[in-house]
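Asks: Handing you this structure, nothing more for now.
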Amino acid sequence: MPEPPPFDYCPADPELEWRDGVPYSLRFGDSYYSQDDGLAESRHVFIDGNHLKQRWQQARAAGSFSFRIGETGFGTGLNFLAAWQCWRDIAADDDRLFYIATEAFPLSGTDIARALSRWPELEPLYRELIAVLPPRIHGHHRCVLDGGHVTLDLCYGESSECLRACLDGSAQVLQHSDRRGIDAWFLDGFAPAANPEHWRAQLCGVIAQLSADGASCASFTAAGHVRRALNDAGFDVTRSPGFGRKRHMTTATLRAAETNNQEAVPWHRPSAARHAKTAIVIGAGLAGCSSAAALARRGLRVTVLEAGAQAAGGGSGVPAALLYTRLSPAPGVMNLFTLHSFLHAVRHYKKLPRDGAPGVVQLMHTAQLRGHYAQLQQQIGDCDWLRFLDADAAGELIGLPVTHPALYFPTADSFKPDQICREYLLSDNIELITQTTATGVAADAGQWQVTTEAGATHSADVVVIANAMAATQFEQTRWLPLRPIRGQLSMIDR
């Protein structure tokens with residue numbers, strides 16, 4: 001059988017050139033933003049085209065709210081920063097902005113900073129963005145900004161493919177359910193004549209499926225085939241005045257669904273979940289404490305029940321933990337998922353207390369690992385989060401003689417799990433109750449009831465079970481194929 005093609009971890013180079021300080025794509029023969037004033041164009045086309053100021057002001061007057069924006073063509077991040085800046089002027093502490101953007105040819109943080117430096121008013125925002133910008137790896141990356149008030153999901157890859165991956169229910173369910181999807185779309189990207197693959201009709205169909213009822217969209221282009229594709233996808237389309245020298249642009253609003261047939265929505269879709277205000281987390285290890293912190297950031301009141309005398313008393317009580325990943329040159333969703341999880345964890349733990357200097361070395365001590373090393377070096381090469389070291393370089397770095405090459409993760413780290421758990425529990429929205437063993441979980445009158453060994457009952461809208469092997473005592477999780485795995489930790493003073 002012929003050898004399969006190499007797994008492509010990294011998107012293609014954006015082929016960037018600078019013309020009078022403006023980034024220009026040699027690949028598509030087009031500028032990333034207007035030579036006149038890119039920020040003013042972004043505000044006119046996307047902020048005003050979607051009536052975001054008015055919509056946010058009305059929503060804020062009615063109380064706390066969340067809003068979702070989708071963008072095709074992240075580019076320099078200028079549209080995102082324009083929306084984020086406008087959001088900060090209107091939103092309150094309990095409001096949330098969710099922004100999902102696709103990009104087939106992502107720019108480096110250095111290039112983004114250079115592209116945006118002409119607008120000093122945006123500097124605090126783009127500096128924060130660049131600090132959490134994921135490396136150029138295909139797939140879905142999450143960035144948490146503005147103290148958790150803004151969530152940016154960057155999807156590196158072709159727009160239609162990335163957005164189709166966001167459809168976690170059937171098209172029939174999405175089309176007819178009372179969904180809570182994207183509220184406003186920024187349809188960007190290089191001009192349709194230069195980048196026809198990006199503006200295919202299928203993209204508009206996926207956008208409609210991911211949209212909330214009444215969703216709006218705006219685009220700098222007024223190309224006829226784009227407007228027709230939006231109309232065919234279910235949008236009412238308007239040709240509106242453009243910015244600067246562009247006479248026209250496109251705005252559109254999703255038409256109301258033509259059927260009231262409400263089909264069952266998968267439990268994991270946001271539209272299937274009612275608004276939760278309280279939560280119970282069973283277990284105060286790393287999994288339980290991080291879950292509690294994530295829920296608290298979303299404004300929930302969280303009760304953490306821990307059987308031991310303190311947090312991180314079980315497996316999370318080891319004196320040190322190491323953050324690293326096992327890379328594979330083989331294609332597969334799991335390989336990308338684990339890599340994305342690692343890269344997200346690196347960005348996340350960078351904000352929390354550390355145990356020492358960062359950096360993890362992984363020795364390629366078997367023939368199979370050395371084969372992986374050679375393939376990965378060809379696929380990824382040296383980058384800011386991964387270095388390929390020969391035996392001499394690895395030995396010099398760790399201060400010990402070694403005979404094998406190594407992968408070096410310079411941004412990975414070690415940390416003390418108990419210290420991280422305590423940091424997670426600092427929120428005023430979290431109450432930790434120790435020496436309390438949960439014995440049962442049951443649904444009752446729209447809430448979850450958790451009973452304890454002492455006979456007490458705790459109620460909440462949401463329950464998170466994070467007590468390791470003890471999860472099998474509950475009826476709802478008894479079926480899980482859990483098994484204990486022995487771990488080992490060696491610590492050396494030198």
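Just so you know, the sequence shown maps onto residues 1 to 494 in the working numbering. The C-beta atom is built at its ideal place from N, Cα and C for all residues, glycine as well.
1. Do Ala-218 and Phe-186 have their beta-carbon atoms positioned less than 8 Å apart in this structure?
2. Starting from Leu-116, trace the beta strand (DSSP E) in both directions and tell me its first and last residue.
3. Would you mind giving the Cβ-Cβ distance between Leu-425 and Leu-432, rounded to the nearest angstrom? I have them listed as a contact below 8 Å.
4. What are the boundary residues of the beta strand (DSSP E) that Asp-236 is part of?
5. Ordered along the chain, which non-local residues of its own chain (more than five positions away) have a Cβ less than 8 Å from that of Ala-165?
6. Does DSSP put Glu-17 in a helix, a strand or coil?
7. Pull up the DSSP beta-bridge partners for His-141, would you.
8. Judging by CA-CA distance, which residue of Pro-14, Cys-86, Pro-124, Trp-56 is the nearest neighbour of Phe-74?
9. Can you check DSSP and say which residues form a bridge with Leu-496?
10. Nearest CA to the CA of Pro-405: which residue from Ile-130, Arg-387, Thr-437?
11. Using the beta-carbon count (16 or more within 10 Å), is Leu-122 buried or exposed?
12. How about Ala-208 and Gly-234: are their beta carbons less than 8 Å apart?
13. So the candidates are Ala-82, Gln-85, Glu-71, Ala-92; which of them puts its Cα closest to the Cα of Ala-61?
14. For Ser-290, which residues in the same chain have their Cβ closer than 7 Å to its Cβ, ignoring the five residues on either side in sequence?
15. Grouping DSSP H, G and I as helix and E and B as strand, with all else coil, what is Asp-10?
16. Cβ atoms of Ala-115 and Tyr-32: under 8 Å apart, would you say?
17. Would you please verify whether the beta carbon of Pro-11 is less than 8 Å from any beta carbon of chain C?
18. What's the call for Asp-188, buried or exposed, on a 16-neighbour Cβ count within 10 Å?
19. Work out the CA separation of Thr-325 and Phe-243 for me, nearest whole Å.
20. My assumption, with CB atoms under 8 Å, is that Gly-280 sits in contact with His-458. Please give the rounded CB distance.
21. Can you find at least 3 beta carbon pairs, one from the segment 329–344 and one from the segment 309–318, that sit closer than 8 Å?
22. Could you give the distance in angstroms between the alpha-carbon of Gly-283 and the alpha-carbon of Ile-90?
23. Curious, which full-length alpha helix (DSSP H) runs of at least 4 residues does the segment 357–401 contain?
24. How many Å lie between His-372 and Ser-328 at the Cα?
25. At 3 residues or longer, and completely inside the segment 197–234: list those beta strand (DSSP E) runs for me, N to C.
26. Rounded to whole angstroms, how far is the Cβ of Leu-152 from the Cβ of Glu-128, which I believe are closer than 8 Å?
27. Would Pro-481 and Met-469 qualify as a contact pair, given that the criterion is a beta-carbon distance under 8 Å?
28. If we call anything under 8 Å between Cβ atoms a contact, is Asp-452 one with Thr-472?
29. Leaving out five residues before and five after His-248 in sequence, what residues of the same chain have Cβ atoms less than 6 Å from its Cβ?
30. Is Phe-67 near Trp-56, with beta carbons less than 8 Å apart?
31. Just tell me which of Ala-294, Gln-449, Leu-305, Gly-181 has its CA closest to the CA of His-149.
32. Where Gly-169 and Thr-366 are concerned, what is the direct C-alpha to C-alpha distance, given to the nearest angstrom?
33. Give the DSSP bridge partners of Gln-447, in chain order.
34. Within 10 angstroms of the Cβ of Val-346, are there 16 or more other Cβ atoms? Answer buried if so, exposed if not.
35. Since Ile-430 contacts Cys-10 with CB under 8 Å, what's their CB separation in whole angstroms?
36. Cα separation between Pro-319 and Cys-421?
Replies: In terms of the structure at hand:
1. On the sequence shown, residue 186 is found 186 positions in, with the first residue counted as 1. On the sequence shown, residue 218 is found 218 positions in, with the first residue counted as 1. In this structure, Phe-186 places its C-beta atom within 8 Å of the C-beta atom of Ala-218.
2. Translated into the one-based positions of the sequence shown, residue 116 becomes position 116. No beta strand (DSSP E) holds Leu-116; the alpha helix (DSSP H) holding it covers 109–116.
3. Translated into positions along the sequence shown, residue 425 becomes position 425. Translated into positions along the sequence shown, residue 432 becomes position 432. About 6 Å separates the two Cβ atoms, so the contact holds.
4. Translated into positions along the sequence shown, residue 236 becomes position 236. 235–241 is the extent of the beta strand (DSSP E) around Asp-236.
5. Position 165 of the sequence shown, counted from the start, is the residue given in the question as residue 165. These residues qualify, in order along the chain: His-140, Cys-155.
6. Position 17 of the sequence shown, counting from 1, holds the residue named residue 17. In the displayed model, Glu-17 falls within a strand according to three-state DSSP.
7. Along the sequence shown, read from residue 1 onward, the residue named residue 141 stands at position 141. Its beta-bridge partners are Leu-154.
8. Residue 74 sits at position 74 when you count from the first residue of the sequence shown. Ranking the options by Cα distance to Phe-74, first place goes to Pro-14.
9. The structure shown does not extend to residue 496, since the chain is modelled only from 1 through 494, so no value can be given for it.
10. Locating residue 405 in the sequence shown gives position 405, counting from the first residue. Closest option to Pro-405, Cα to Cα, is Arg-387.
11. Here residue 122 refers to the residue found at position 122 of the sequence shown. Under this definition Leu-122 is a buried residue.
12. Here residue 208 corresponds to residue number 208 of the sequence shown, with the count starting at 1. Here residue 234 corresponds to residue number 234 of the sequence shown, with the count starting at 1. Cβ distance < 8 Å, so Ala-208 and Gly-234 count as in contact.
13. Here the question's residue 61 lines up with position 61 in the sequence shown. Among Ala-82, Gln-85, Glu-71, Ala-92, the Cα nearest to that of Ala-61 is on Ala-92.
14. Numbered from its first residue, the sequence shown carries residue 290 at position 290. Excluding positions up to five away in sequence, the list reads Tyr-424.
15. Taking the first residue of the sequence shown as 1, we reach residue 10 at position 10. The residue asked about is misnamed: residue 10 is Cys in this sequence, not Asp. It is coil, neither helix nor strand.
16. Within the sequence shown, residue 32 is the residue found at index 32, counting from 1. Within the sequence shown, residue 115 is the residue found at index 115, counting from 1. In contact: Tyr-32 and Ala-115 (Cβ atoms closer than 8 Å).
17. As a matter of chain content, chain C is missing from the structure shown, which is built from one protein chain.
18. Within the sequence shown, residue 188 is the residue found at index 188, counting from 1. Per the 10 Å Cβ criterion, buried.
19. Translated into positions along the sequence shown, residue 243 becomes position 243. Translated into positions along the sequence shown, residue 325 becomes position 325. Distance between the alpha carbons of Phe-243 and Thr-325: 47 Å.
20. Working through the sequence shown from its first residue, we reach residue 280 at position 280. Working through the sequence shown from its first residue, we reach residue 458 at position 458. The sequence as given places Ile at residue 280; Gly does not occur at that position. Yes, they are in contact, since the Cβ atoms of Ile-280 and His-458 sit about 5 Å apart, within 8 Å.
21. no
22. Position 283 of the sequence shown, counted from the first residue, corresponds to residue 283. Position 90 of the sequence shown, counted from the first residue, corresponds to residue 90. Spanning the two alpha carbons is a distance of roughly 38 Å.
23. 367–379, 391–398
24. Residue numbering aside, residue 372 sits at position 372 when the sequence shown is read from its first letter. Residue numbering aside, residue 328 sits at position 328 when the sequence shown is read from its first letter. Answer to the nearest angstrom: the Cα atoms are 7 Å apart.
25. 211–219
26. Start at 1 with the first residue of the sequence shown, and residue 152 comes out as number 152. Start at 1 with the first residue of the sequence shown, and residue 128 comes out as number 128. Between Glu-128 and Leu-152 the Cβ distance is about 10 Å, and since that is not below 8 Å, they are no contact.
27. Walking along the sequence shown from the start, residue 481 turns up at place 481. Walking along the sequence shown from the start, residue 469 turns up at place 469. It is not a contact, given that the beta carbons lie outside the stated cut-off.
28. On the sequence shown, residue 452 is found 452 positions in, with the first residue counted as 1. On the sequence shown, residue 472 is found 472 positions in, with the first residue counted as 1. The amino acid occupying residue 452 in the given sequence is Thr; Asp does not appear at that position. Against a cut-off of 8 Å, the Cβ pair of Thr-472 and Thr-452 comes out as no contact.
29. The residue you call residue 248 lines up with position 248 of the sequence shown. Cβ neighbours of His-248 beyond the five flanking positions: Ala-222, Arg-239, Gly-242.
30. The sequence position of residue 67 within the sequence shown is 67, counting from 1. The sequence position of residue 56 within the sequence shown is 56, counting from 1. Against a cut-off of 8 Å, the Cβ pair of Trp-56 and Phe-67 comes out as a contact.
31. Taking the first residue of the sequence shown as 1, we reach residue 149 at position 149. Nearest C-alpha to His-149 among Ala-294, Gln-449, Leu-305, Gly-181: Ala-294.
32. Numbered from 1 along the sequence shown, position 169 holds the residue referred to as residue 169. Numbered from 1 along the sequence shown, position 366 holds the residue referred to as residue 366. Because Gly-169 carries a pLDDT of 42, less than 50, the predicted location of this residue cannot be relied on, and no value is offered for it.
33. Position 447 of the sequence shown holds residue 447. Note: Gln-447 sits in a beta bridge opposite Asp-444.
34. Residue mapping note: residue 346 aligns to position 346 of the sequence shown, counting from 1. Per the 10 Å Cβ criterion, buried.
35. Your numbering for residue 430 matches position 430 in the sequence shown. Your numbering for residue 10 matches position 10 in the sequence shown. With 8 Å as the limit, Ile-430 and Cys-10 do not qualify as a contact, their Cβ atoms being about 39 Å apart.
36. By one-based count along the sequence shown, residue 319 stands at place 319. By one-based count along the sequence shown, residue 421 stands at place 421. Pro-319 and Cys-421: Cα-Cα distance of roughly 13 Å.
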